[in-house]
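Chains as they are written, first to last, in my numbering: chain A, -6 to 102; chain B, 102 to 214.
Cβ atoms here follow ideal geometry from the backbone N, Cα and C, with glycine treated the same way.
Report on one structure; see the data block that follows.
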């Protein structure tokens, strides 16, 4: 039931782009993306609902392919503040939200 | 509008004692999720509750662990007879609706000595 995230870790230089993928074997109602910095609580980034959609703010955007039960998070022109662990949370019609194992993103100067 | 409030932030218990973790969801939120997180690991689902009802507790150990979300007051995650392996950060999240944005509390870091 837990979604699968890839890659597990990625290291970037400031200004580079990254894509984080999330896939599920179950039919999804929604996909949530969060970022967690060390020792802190996960912070909500965005939610995508079934029906297939794309969202974004600033230089972080995401897409949700309902047919493939996949979502991707796009980070463009990365900044040092983007460093952290990114989690996708997937929700089925049963209302339970499961998280992937996370993708650790490190942005270096 | 206060965010999700969890208390205590840090809790130390001796083996065999009970731990009670509290979560007050955001105002107007009736959906609460509890997760456990070990250092450098992901968020492991434990239980999902709506007011007065447990919707899904498939991620919670059947023994020693229980959760409730009463009509009045915070949601409580209770761990009886704690063992060293229960040491972890426990996060709760709340949302207003199914599929709505879920917001996390700051977590309770439980240490069993």
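Asked, Found
"Taking Cβ-Cβ distances shorter than 8 angstroms, what residues in chain A pair up with residue 120 (chain B)?", "Those within 8 angstroms of residue 120 (chain B) in chain A number zero; the least Cβ separation is about 19 angstroms."
"Below 8 angstroms on the Cβ atoms is my contact criterion, and I expect residue 127 (chain B) with residue 105 (chain B) to pass it. Report the Cβ-Cβ distance as a whole number of Å.", "6 angstroms"
"Answer with buried or exposed for residue 173 (chain B), where buried requires no fewer than 16 other C-beta atoms within 10 angstroms of its C-beta.", "exposed"
"What does residue 91 (chain A) touch in chain B if you count any residue whose Cβ is under 7 angstroms from its own?", "146"
"Assuming residue -2 (chain A) and residue 95 (chain A) make a contact with CB atoms under 8 angstroms, what is their CB distance in whole Å?", "6 angstroms"
"Run the CB neighbour count on residue 35 (chain A), radius 10 Å, all protein chains shown included, and call it buried at 16 or more, exposed below.", "buried"
"Kindly identify the DSSP beta-bridge partner or partners of residue 11 (chain A).", "A:68"
"Hey, is residue 202 (chain B)'s beta-carbon within less than 9 angstroms of any beta-carbon in chain A?", "yes"
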